[in-house]
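A.B. asks: Here it is: the structure, laid out below.
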Amino acid sequence: MTDLAHVYWLGGGTGAGKSTISRRLADRYGLRRYDTDRSMGDHTARSDPRATPYLQDFLAMDMDERWANRSPEVMLDTFHWFRGEAFELIVEDLLRLPAEPVVVEGFRLLPELVAPLLADRRQAVWLLPTPSFQRAAFEQRGSLWSIAGRTSTPERALGNLLERDRMFTARVAGETYRLGLTGLVVGTGETEDELADRVACLFGL
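This note's numbering applies: residue -11 is where the sequence shown begins, and numbers increase by one.
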């Protein structure tokens, strides 16, 4: 899609370092930055309920129903952002911005949705965290229990969340491979600067 030829897409699993790397790239290369996580509340409000049935179901649940009382498999398959609901609002927002280089980041950038928008495959990279890296990232941020701790069974909810996120990363890895896109495994032992260098190289910056 030539209208978005100036966009760099940085997707991947939760806890992969997308926000950190996108900030470094934005600072280093003078890019605008669009954080899809920060737009979730706005997109929830703007979305058409008829077009977002999984989102509507999620909003109607309490914390235990969302995170503790369902299997990780069900959580994965029914999570609205993993289903691509309201993705068109990300595109809408980007088209409203000035046509200057921008790095877009977030787990909502599903490979199958981004692929048709690429003028060049080098515009997109997905970070694929190992389970150990993912958990360490949450612990370092102090956010490991931020969701699970608001349920009546935090240990079960945390286990569900970590397994759901592991499966999501595996799904994204499979989709990038299937579509011939770029997935980058992120593990311990690599500095943020080194990862930023690798992503910048893949983007051709």
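For glycine and all other residues, C-beta sits at the position ideal for the given N, C-alpha and C.
1) Where does the unbroken alpha helix (DSSP H) through residue 64 begin, and where does it stop?
2) May I have the straight-line CA-CA distance separating residue 81 from residue 39, to the nearest angstrom?
3) Residue 143 to residue 137, Cα distance in whole Å?
4) Residue range of the alpha helix (DSSP H) that residue 32 falls in?
5) How is the beta strand (DSSP E) around residue 171 delimited, first residue to last?
6) Starting from the Cα of residue 148, find the closest Cα among 52, 59 and 14 and give me that residue.
7) Taking residue 154 and residue 88 to be in contact with their CB atoms under 8 Å, please state how far apart those CB atoms are, rounded to whole angstroms.
8) Mind checking who residue 98 pairs with in its DSSP beta bridge?
9) Between the Cα of residue 84 and those of 22, 193 and 171, spot the shortest distance and give me the residue it belongs to.
10) Going along the chain, which residues of its own chain have a beta-carbon closer than 6 Å to the beta-carbon of residue 102, five neighbours each way excluded?
11) Ignore the nearest five residues each way along the sequence and tell me which others in residue 151's own chain have a CB closer than 7 Å to its CB.
12) Which runs of the alpha helix (DSSP H) at least 4 residues long sit entirely within the stretch 98 to 163? Give them in chain order.
13) Pairing CB atoms from the stretch -8 to 6 with CB atoms from the stretch 114 to 128, are three or more of them under 8 Å?
14) Provide the residue(s) that pair with residue 23 in DSSP beta bridges, ordered along the chain.
15) Since residue 133 and residue 115 are thought to touch, with beta carbons under 8 Å apart, how far apart are those beta carbons, to the nearest angstrom?
16) Going by other Cβ atoms of all chains shown within 10 Å of its Cβ, with 16 needed for buried, is residue 171 buried or exposed?
17) Which residue wins for smallest C-alpha separation from residue 77, given the options 36, 66, -9 and 62?
C.D. replies: Quick answer:
1) Along the sequence shown, one-based indexing puts residue 64 at 76. 60 to 66 is the span of the alpha helix (DSSP H), which, as asked, contains residue 64.
2) For the purposes of this step, residue 81 is taken as the residue at position 93 of the sequence shown. For the purposes of this step, residue 39 is taken as the residue at position 51 of the sequence shown. Cα-Cα distance, rounded: 18 Å.
3) Against the sequence shown, residue 143 aligns to sequence position 155. Against the sequence shown, residue 137 aligns to sequence position 149. Answer to the nearest angstrom: the Cα atoms are 8 Å apart.
4) Taking the first residue of the sequence shown as 1, we reach residue 32 at position 44. Residues 28 to 34.
5) For this step, residue 171 is matched to residue 183 along the sequence shown. Note, residue 171: beta strand (DSSP E), 170 to 174.
6) The residue labelled residue 148 in the question sits at position 160 within the sequence shown. Residue 59 is the option with its Cα nearest to residue 148.
7) Position 166 of the sequence shown, counted from the first residue, corresponds to residue 154. Position 100 of the sequence shown, counted from the first residue, corresponds to residue 88. Residue 154 to residue 88, Cβ: 36 Å. No contact.
8) As a position in the sequence shown, residue 98 is number 110, starting the count at 1. In DSSP, residue 98 forms no bridge with anything.
9) As a position in the sequence shown, residue 84 is number 96, starting the count at 1. Residue 22 is the option with its Cα nearest to residue 84.
10) Reading the sequence shown from its first residue, position 114 is the one you call residue 102. These residues qualify, in order along the chain: -3 and 112.
11) To locate residue 151, count along the sequence shown from 1; it is residue 163. So the qualifying residues of the chain are 60.
12) 99 to 102 and 119 to 129
13) yes
14) Here the question's residue 23 lines up with position 35 in the sequence shown. DSSP lists 93 as partners of residue 23.
15) Counting from one through the sequence shown, the residue named residue 133 turns up at place 145. Counting from one through the sequence shown, the residue named residue 115 turns up at place 127. Not quite, the Cβ-Cβ distance comes to about 23 Å (not below 8 Å), so this is no contact.
16) Start at 1 with the first residue of the sequence shown, and residue 171 comes out as number 183. Buried, since its Cβ has 16 or more Cβ neighbours within 10 Å.
17) As a position in the sequence shown, residue 77 is number 89, starting the count at 1. Nearest option by C-alpha distance: 36.
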